[in-house]
Structures are given as C-alpha cells and as structure tokens.
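Residue numbers (my numbering): 443 to 807.
C-beta atoms are modelled at their ideal positions from N, C-alpha and C, and glycine is treated no differently.
Here is the structure we will look at, set down as structure tokens.
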Amino acid sequence: MINVIGQRLSRTQIAVAVIALLVTLLIQWPAVANSLPPPTLTWLTFSYETNPAALEGLQLAQCNDDACQQPTLVAQHGKCTRSGCLSAAEPVQDFRCQGRTCLLAEEGMTGNSILAEGGSFKLIGQFADRVRQSPVAQVNTLGGFLRRNWRVTVSATELRVAEDSGLLTKQGSGLLYWGSFGLTLLLELAVASAYLKKLQANAAVVQRTLISLGLVQFVSYPVVWHFVEIASPFQFLSVRVFAFVCLGIAVLYGLLLLPARKAPERRLVQLSLALWIFLFGAGIVVAVLFSYGPRIPLESGLWPRPVAVAVMEFFAIAYEAAMLKLLSRKALTWQQSGSLSLLTNLASWLLGSLFLAVGGVRSIV
C-alpha cells in the first residue's frame, strides 16, 4: 500500500506538497474551531511601575457617564472590602486570574455583553498596601466578536488602563509558532551538519540524515509545542485535546513509516507528505469532535511548566534519536543518533531560553 501511494505521489508531487502545506498550516486552527456562539473575552495583563504588592481583589465597574459618579459593579475577583471598593446588590460575574493575567469571559452572543460597544468602565483593585482605581476607560469592539486586551499599569497610587491591540491572545499565535519552528529547524540542521562533519560522514549519509531530521521535525515539534503550551493557564480545551492528538500522530507516523525506512530519500519525502495529509487531517477532525463545547479558556494549566519542558525535551530527544537511527539504513549507531538528537535539541533549547530571557518569547523547544 505504501509503495502504491509513493508511485501516485511521484506523478503529482507539486500538488501534494501544496496540499500538505495547507494541511499543516491548520495546526493552529483547532484552538478556535467551535460551532457554538463565541464568548466575549476581556483580558487584563498587569505590569508594575513599583515593587508589586499582592493583588487581593479586583473589581470591574460599568460607568453610565464620563465621570462615573454611579458605577455599577459587574465583575469581581477575590475580596475588595476596603474604602473605595464597591458592593453589589446581586451576584456579579467572576474574573479568572492567574499570575499577572485576568480574564472576564461573558458567555452568549456578543450583543449581550456587559460592556456594550461605546460603553465605559473603570477598575478598582485592592492590593496588600492600598486600594487603587483607574480613570474611566472607553470600550471598543474588535472583529466579528469581542476580544479585548487591556494593559493595566500599577503605579504607586493608581491603575492606568490602556487597550493593547498588539498583545498576543491567549490561544497562541500562528506567526509565533511558525517563526519558532523555522528557527528551530534551521538551527538543528546546522548543528547536525557540524556533528556529521566531525564524524567524517560521507555525502550520502549527511544528505539522508538531514532530510530525515527535517521530516521528523514536522511531527515532533507540534507535540513539544502544544504540550508546553497547555502548561500555561488560559488555554482552550481544543488546544489541550490537540496536544494529545499530535502525540498520537507522532507515534503513528513512526509506525507507518517503519516498513519504508530503507526507501530512497525522494520516496521517503513523498511518503511523509502523504502521511502528513492523512494524519493531520484526521487529527483535526478528532480534535474538533472531542473539544466541542463552550469556547472559554481553561483557567489552570494541565501541569507545571518546568515539568512540561523537561518531559517534552526528553520526548524530543528520544523520539528523534529513534527515528534518525531507523531511517539511517544502519549508517548511524544508536550512540551516534542519540548524541545527534541530544545536541540538536540542546541547541534549540538554549536558543529558546535566550529568546525567553531577552524578549519574553516562549521557549523554542
């Protein structure tokens, strides 16, 4: 069956490559795929001008005029009982807060949003040292449904609120994903080339190893990315489901490619394209079916981020070492494929840590 697929692909290689690219670009799509009405998501990200005091409670008050003389409490997190805080006559919505990020998710159609288009609001925060309030902020709608990102700056005496259209939304960024993938792939290919040169491998071994490494990256990288991503708070259920789908895809890819592990490089590429189309296409369908429901981000991550990074790095090293060994046609020993995988993944982890330290970009792993 695999040989038949390969023969057909050889006659339509360009078309298959285009289709495969379109399918793999859909990796990020399950994060927003849902047939139910989307909720209104209001994100608040805090930054501090002074030494950060612990946030004990946060209130969002809707204003009826520019002076906000009679504010209406509509959402709250924690406790806010000191002078300057508001009290509600009826239950209010809850903020979901983790770290320096808070989310107000309003279910239902966007027209029923607490903060209607053109409305205004202010924030009241009870910190360990004092109560701080913000000036009145104006609300604008964004896109087909409401998703607002607000930067909340905590000064010594007040809160300053500004809409931040450039802030990355919490379900991730396709541009960030593909940029990270491209950098990782280039770096690992460069490290692999240097390692193979040190081994004095011939040109045929170098070519096959680099092609194999590139092919394997297309299935191992999504696993690492998504499992690290779901360690963070405020991830959608579809992202969590798709992480496990990607793990299944990686396992199936290795098993299905096993009978053709000694095939020429061109046939190996063709078979990989066919498998990507089938596996990622089926995986997206599975992810959508198992993540059907309200599209509200989950407040807590699946597991601690340091644990996720450590486990996923081990997975990447072991998986890529095994695949490189199996596809090498006995040109590499287990020790050589393991060392190669260890070096390439260590290099990409160091690069990701550097980006994280200097620019706040998530680790490239």
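Which stretch, first to last residue, makes up the alpha helix (DSSP H) that contains A604?
-> Locating residue 604 in the sequence shown gives position 162, where the first residue counts as 1. No alpha helix (DSSP H) contains A604, which is instead part of the beta strand (DSSP E) from 601-605.
For F563 and Q504, the rounded distance between their alpha carbons | Translated into positions along the sequence shown, residue 504 becomes position 62. Translated into positions along the sequence shown, residue 563 becomes position 121. As the crow flies, the alpha-carbon of Q504 is around 4 Å from that of F563.
Three or more beta-carbon pairs under 8 Å between the segment 562-580 and the segment 486-502, yes or no?
-> Note that the segment 562-580 touches the segment 486-502; at least 3 beta-carbon pairs, one per stretch, sit closer than 8 Å.
Using a Cβ-Cβ cut-off of 8 Å (strictly less than) and excluding sequence neighbours within five positions of C522, which residues of its own chain qualify?
-> For the purposes of this step, residue 522 is identified with residue 80 of the sequence shown, where counting begins at 1. Only E498, G499, L500, Q501, L528, I566, G567, Q568, V573 meet the Cβ criterion.
Pick out whichever of Q535, F488, R593, A716 has its Cα sitting closest to the Cα of R542.
-> Looking up residue 542 in the sequence shown gives position 100. When C-alpha distances from R542 are compared across Q535, F488, R593, A716, the shortest belongs to F488.
Answer with buried or exposed for P472, where buried requires no fewer than 16 other C-beta atoms within 10 angstroms of its C-beta.
-> Taking the sequence shown and counting its residues from 1, one reaches residue 472 at position 30. The predicted position of P472 is uncertain, since its pLDDT is 49 and thus under 50; no value can be drawn from it.
Which residue from F722, P513, L699 puts its Cα closest to that of Q712?
-> As a working mapping, residue 712 is identified with position 270 in the sequence shown. Across the set F722, P513, L699, the C-alpha of L699 shows the shortest separation from the C-alpha of Q712.
DSSP-derived helix/strand/coil call for C522 | Counting from one through the sequence shown, the residue named residue 522 turns up at place 80. In the three-state scheme derived from DSSP, where H, G and I count as helix and E and B as strand, C522 is classed as coil.
H519 to E548 span [Cα, whole Å] = Within the sequence shown, numbered from 1, the residue matching residue 519 stands at position 77. Within the sequence shown, numbered from 1, the residue matching residue 548 stands at position 106. Whole-angstrom Cα-Cα distance: 15 Å.
8 Å Cβ cutoff, G780 in contact with chain E | Among the protein chains of the structure shown there is no chain E, as only one such chain exists.
Over what stretch of residues does the beta strand (DSSP E) that includes E491 continue unbroken?
-> Here residue 491 refers to the residue found at position 49 when the sequence shown is read from its first residue. No beta strand (DSSP E) holds E491; DSSP gives it neither H nor E.
If you draw a straight line from the C-alpha of E532 to the C-alpha of G743, how long is it?
-> Indexing the sequence shown from 1 puts residue 532 at position 90. Indexing the sequence shown from 1 puts residue 743 at position 301. When rounded, the distance between both Cα atoms is 31 Å.
Could you pull the start and end residues of the beta strand (DSSP E) that K639 belongs to?
-> Position 197 of the sequence shown, counted from the first residue, corresponds to residue 639. No beta strand (DSSP E) contains K639, which is instead part of the alpha helix (DSSP H) from 616-640.
Name the DSSP beta bridge partners of W485, please?
-> The residue you call residue 485 lines up with position 43 of the sequence shown. According to DSSP, residue pairing for W485 in a beta bridge involves L545, N591.
C-alpha gap between P513 and G561, whole angstroms | For the purposes of this step, residue 513 is identified with residue 71 of the sequence shown, where counting begins at 1. For the purposes of this step, residue 561 is identified with residue 119 of the sequence shown, where counting begins at 1. Rounded to the nearest angstrom, the gap between the Cα atoms of P513 and G561 is 12 Å.
Taking the DSSP output, what are the residues bridged to Q575?
-> Here residue 575 refers to the residue found at position 133 when the sequence shown is read from its first residue. Beta-bridge partners of Q575 (DSSP): I566.
Any idea what DSSP makes of R538, helix, strand or coil?
-> Numbered from its first residue, the sequence shown carries residue 538 at position 96. Per DSSP, reduced to three states, the secondary structure at R538 is strand.
So what's A702 in DSSP terms, helix, strand or just coil?
-> Indexing the sequence shown from 1 puts residue 702 at position 260. The answer is helix: DSSP assigns A702 an H, G or I state.
Whole-angstrom distance between A636 and W776, CA atom to CA atom = Taking the sequence shown and counting its residues from 1, the one referred to as residue 776 is at position 334. Taking the sequence shown and counting its residues from 1, the one referred to as residue 636 is at position 194. A636 has its alpha-carbon roughly 18 Å from the corresponding atom of W776.
Measure from the alpha carbon of K772 to the alpha carbon of each residue in P748, S733, V681, K704, then state which is nearest.
-> For this step, residue 772 is matched to residue 330 along the sequence shown. Of the listed residues, the one whose Cα sits closest to K772 is K704.
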